[in-house]
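Worksheet: the structure to be examined is printed underneath.
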Amino acid sequence: MTYLTKPKLHHPSLQPNQLGFTRRDYEGAISTLCAGCGHDSISAALIQACYQLDLPPHRIAKLSGIGCSSKTPTYFLGASHGFNSVHGRMPSVLTGANLANRDLIYLGVSGDGDSASIGLGQFAHLMRRGVNMLYIVENNGVYGLTKGQFSATSDCGSKSKKGVANTDEAIDMAAMALQLGATFVARSFSGDKTQLVPLIEAALSHRGTAFIDCISPCVAFNNHMGSTKSFDYVREHNEAVNFLDVITPRAEITTEYSEGAVQEVTQHDGSILRLRKLAGDYDVNDRIAAMRFLAEHAAEGEIVTGLLYVDPDAEDMHLHIKTVPTPLKDLNETALCPGSAALHKLNASLR
Amino acid sequence: MTRRFVEGSEAIVEAAILAGCRFFAGYPMTPFTEVLDHMAEKMPLAGGICVNAESELEAVGMAWGALATGARAATGSTGQGLSLMQESFSEITRAELPLVVVNMARGQSDYYQSTRGGGHGDYFHIILCPIDIHEAVEHIQLAFHLADVWRNPVQIYGDYLLAHTAEAVELEAIAFDTLPAKDWALDGSLNGTGGSRNINSIGMTKGNKGIEPERFWKRLQAKYEAIKIAEARHEAEFLEDANYVVTAFGTTAKFVRHVIREMRNEGSRIGYIRPITLWPFPSQAFCDVAGSVREIGVFELNGGQMIDDVRLAVLGAAPVAALGGISSDESGFGVGPLLNTDVIRSILEAAYERATGEEKDQ
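Chains as they are written, first to last, in my numbering: chain Z, 40 to 390; chain Y, 132 to 493.
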């Protein structure tokens, strides 16, 4: 595997965040993806969001599967923990890690091949369970690493680079996430950093499963005429429902909006999601309306982006299954081996 | 007879079509992807079907279904993909379905995976391991034939070099003996007669209560014993007076064979054995030389896997030494610095000298 490290140089004008880290401290190795790859823009957005949220890099765990998207964790958050699992199995590995150590911030990076084909089952069950994480799918509608086969999110009728039309129906990952119970669902576009960065910030601040379907054109195999995942096509058919500002508990609220054009959502951690409405009275708290809105606009060939749904009071899997609050690695001998009296009590409770 | 200069992947696909294969399902993965690409292009032109599956799990399932209807069907992948298919391989084998698997392995580290079954249960697959594209064209046709003869999966163990290099080959159909009709296939021909069929992997026969696993498994083992006797294949050179024998498999053997021929020309009494079937392993070929050689050197590009089969073959009658080792390119496709005739030559010369006490030019 090609791996290029960056020199440890900081431009003196780089501003540190509240932890004293600069944006450079959140970067990774030099990307070996194709020049212009949408995935590199998503990596840049993740770096920006983590820097702005003042997240300690050592508290972030980034997990991925297999594919171009799953290579990207090498290219951002170089000081964070990484786990590259196998094809389509990131959700289960992340679920296990999260249950065993709830103290980390979990970031799952996957692609349409990894999550919509072999990993679809695990994707679905992670959404159902409400694992506390940001699940981001870098969606290019094509298998880039194996040179251009259609993926399961490729739209029916979308053409391959060789001009062959896809005959299978597409899986809409955001629609699935909504149906399966994700408590934060967004769609964005790698070419729209102003939309993507706040969405990542909001998702990282969310308790429960946050899902972002990020359309990310493949410049090598899916950026041609006839493709519905090309830069040009996505720009022309992008239908943003809102524009998001994330206000962390520490930040000062400065921007003013006219009444009625803004919806505010306060999340569990105190962060305020200030949504500038772009599509009439779109309500981000209405799951069923969101599903209908997506389906109607998909039928018209539009790609709905923005924050599609959020449940600010969501719970997560730890609450659902009543786990111990301590990470398992921190349980001491007394906790792990409480003695025969405790065992008798437990056995008695089951009789 | 006309020769064409074709890439290994393309030659394998054309040979499969010549063999009557009309169903293929797979999932792209280097270095197997080009097999799937050529299948997708050529299979429909031959009136066949090729599906780019959701994963290897789905691909093997589709092939399983197609086989059950009596079609000649195949799947393929590389080691990681075959790992995913193991559960189905195991069941398909016990359902006695003639699956052909095109394995374009990432080097030689999947010898165990291929030769030890790989999934649950007591079973083997016939593993054909071609040295070059010419032999692969023969093997893929033989694979479909043997799969039908024995009603057992057959795998072609190829690799990156086989899949991605081109050779001038003759693509001609091989005439095999006529096979009996597939009287087990779910072909719908017996509707209404009460003779409908049931394909399963637990030895259940229609009309019987219970499944008698012991009797069923013993019958399968008897089949494997018969395959061991009938199908073990190998290639050998210079064994008559050899006091040192080197063995290698697959495309690596082509490099080794070249070096051995050179050393022979220069006077070394060195010989060569190449297992063509990795299972059944051609044990007899090794037994036959064990008494007359100083050592058997095993040149394989892995941590030492085939060496176990060589040791089991000679049972201590000759020393067995590992001459290869782990060697790979930076992408992990198994094309490493040891795959070099100059390097192999220095390794074989040193081993020969150490074991026989003879300088190469004596």
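Glycine included, each C-beta is placed from N, C-alpha and C at the ideal position. Since we're looking at a predicted model, the values are computed, not measured.
When the options are compared against residue i, the one with the closest alpha-carbon
i, options, result
"residue 63 of chain Z", "Z:105, Z:222, Z:173 and Z:83", "Z:83"
"residue 183 of chain Y", "Y:194, Y:454 and Y:177", "Y:194"
"residue 333 of chain Z", "Z:143, Z:226, Z:92 and Z:159", "Z:226"
"residue 53 of chain Z", "Z:327, Z:166, Z:90 and Z:76", "Z:90"
"residue 220 of chain Z", "Z:366, Z:354 and Z:66", "Z:354"
"residue 240 of chain Z", "Z:93, Z:196, Z:270 and Z:66", "Z:93"
"residue 291 of chain Y", "Y:401, Y:446 and Y:235", "Y:235"
"residue 257 of chain Y", "Y:266, Y:264, Y:238 and Y:280", "Y:280"
"residue 249 of chain Y", "Y:444, Y:448 and Y:217", "Y:217"
"residue 126 of chain Z", "Z:257, Z:146 and Z:160", "Z:160"
"residue 247 of chain Z", "Z:308, Z:152, Z:337 and Z:271", "Z:308"
"residue 327 of chain Z", "Z:49, Z:347 and Z:118", "Z:347"
"residue 166 of chain Z", "Z:249, Z:253 and Z:238", "Z:249"
"residue 86 of chain Z", "Z:313, Z:197, Z:232 and Z:274", "Z:232"
"residue 48 of chain Z", "Z:150, Z:378 and Z:67", "Z:67"
"residue 271 of chain Y", "Y:389, Y:252, Y:233 and Y:296", "Y:233"
"residue 269 of chain Z", "Z:302, Z:283, Z:253 and Z:313", "Z:253"
"residue 423 of chain Y", "Y:143, Y:432 and Y:369", "Y:369"
For residue i, three-class secondary structure by DSSP
i, result
"residue 383 of chain Y", "helix"
"residue 262 of chain Y", "coil"
"residue 223 of chain Y", "helix"
"residue 356 of chain Z", "helix"
"residue 410 of chain Y", "strand"
"residue 255 of chain Y", "coil"
"residue 294 of chain Y", "helix"
"residue 120 of chain Z", "strand"
"residue 347 of chain Y", "helix"
"residue 172 of chain Z", "strand"
"residue 462 of chain Y", "coil"
"residue 493 of chain Y", "In this predicted model, residue 493 of chain Y has a pLDDT of only 45, less than 50, meaning its place in the structure is not dependable; the value taken from the coordinates is given anyway. Residue state, collapsed to three classes: coil."
"residue 418 of chain Y", "helix"
"residue 168 of chain Y", "helix"
"residue 189 of chain Z", "strand"
"residue 184 of chain Z", "coil"
"residue 160 of chain Z", "helix"
"residue 209 of chain Z", "coil"
"residue 52 of chain Z", "coil"
"residue 353 of chain Y", "helix"
"residue 484 of chain Y", "helix"
"residue 44 of chain Z", "coil"
"residue 475 of chain Y", "helix"
Check: residue i C-beta below 8 Å from any heavy atom of the ligand SAH
i, result
"residue 469 of chain Y", "Ligands in the displayed structure: none, and consequently the ligand SAH is not present."
Amino acids of chain Z, ordered along the chain, whose beta-carbon sits closer than 7 Å to that of residue i
i, result
"residue 160 of chain Y", "185"
Proximity test, Cβ basis, 9 Å: residue i and chain B
i, result
"residue 185 of chain Y", "Given the protein chain composition of this structure (Z and Y), no chain B is represented."
Host beta strand (DSSP E) of residue i (start-end)
i, result
"residue 332 of chain Z", "Segment 326 to 338 is the alpha helix (DSSP H) holding residue 332 of chain Z; no beta strand (DSSP E) there."
"residue 235 of chain Y", "231 to 236"
"residue 382 of chain Z", "Element bounds for residue 382 of chain Z: not the beta strand (DSSP E) but the alpha helix (DSSP H), 379 to 389."
"residue 316 of chain Z", "311 to 316"
"residue 375 of chain Y", "375 to 378"
"residue 301 of chain Z", "301 to 305"
Extent of the continuous alpha helix (DSSP H) run through residue i
i, result
"residue 445 of chain Y", "437 to 445"
"residue 79 of chain Z", "77 to 91"
"residue 107 of chain Z", "107 to 110"
"residue 141 of chain Y", "139 to 149"
"residue 274 of chain Z", "270 to 276"
"residue 196 of chain Y", "187 to 199"
"residue 137 of chain Z", "129 to 139"
Interface partners of residue i on chain Y, CB under 8 Å
i, result
"residue 191 of chain Z", "185"
"residue 127 of chain Z", "186"
Proximal residues of chain Y, C-beta to C-beta of residue i below 9 Å
i, result
"residue 156 of chain Z", "158, 184, 185, 186 and 189"
Neighbour list for residue i in chain Z, Cβ cutoff strictly below 8 Å
i, result
"residue 164 of chain Y", "185 and 186"
Per-residue contacts from residue i into chain Y (C-beta, under 7 Å)
i, result
"residue 182 of chain Z", "159"
*Below 8 Å, can you find three or more Cβ-Cβ pairs linking the region 184 to 201 of chain Y to the region 205 to 216 of chain Z?*
no
*Assess, as a yes-or-no matter, whether the region 307 to 320 of chain Y is touched by the region 378 to 397 of chain Y under the definition of 3 or more beta carbon pairs within less than 8 Å.*
no
*Using 8 Å as the Cβ pair cut-off and three pairs as the minimum, do the region 63 to 74 of chain Z and the region 114 to 131 of chain Z touch?*
yes
*At least three beta-carbon pairs within less than 8 Å, the region 445 to 458 of chain Y to the region 477 to 491 of chain Y*: yes
*asked:* Measuring CB atoms only, is the region 160 to 173 of chain Y touching the region 134 to 151 of chain Y, in the sense that at least three cross pairs come out at less than 8 Å?
replied: yes
*Decide if the region 465 to 473 of chain Y is in contact with the region 373 to 393 of chain Y; the criterion is three or more beta carbon pairs, one per stretch, under 8 Å apart.*
yes
*asked:* For the structure I just gave you, are there three or more beta carbon pairs, one from the region 153 to 160 of chain Y and one from the region 268 to 276 of chain Y, closer than 8 Å?
replied: no
*Examine the Cβ distances between the region 175 to 190 of chain Y and the region 202 to 217 of chain Y and report whether three or more of them are shorter than 8 Å.*
yes
*Evaluate the contact criterion for the region 131 to 146 of chain Z versus the region 179 to 199 of chain Z: three or more CB pairs, one atom per stretch, below 8 Å.*
no
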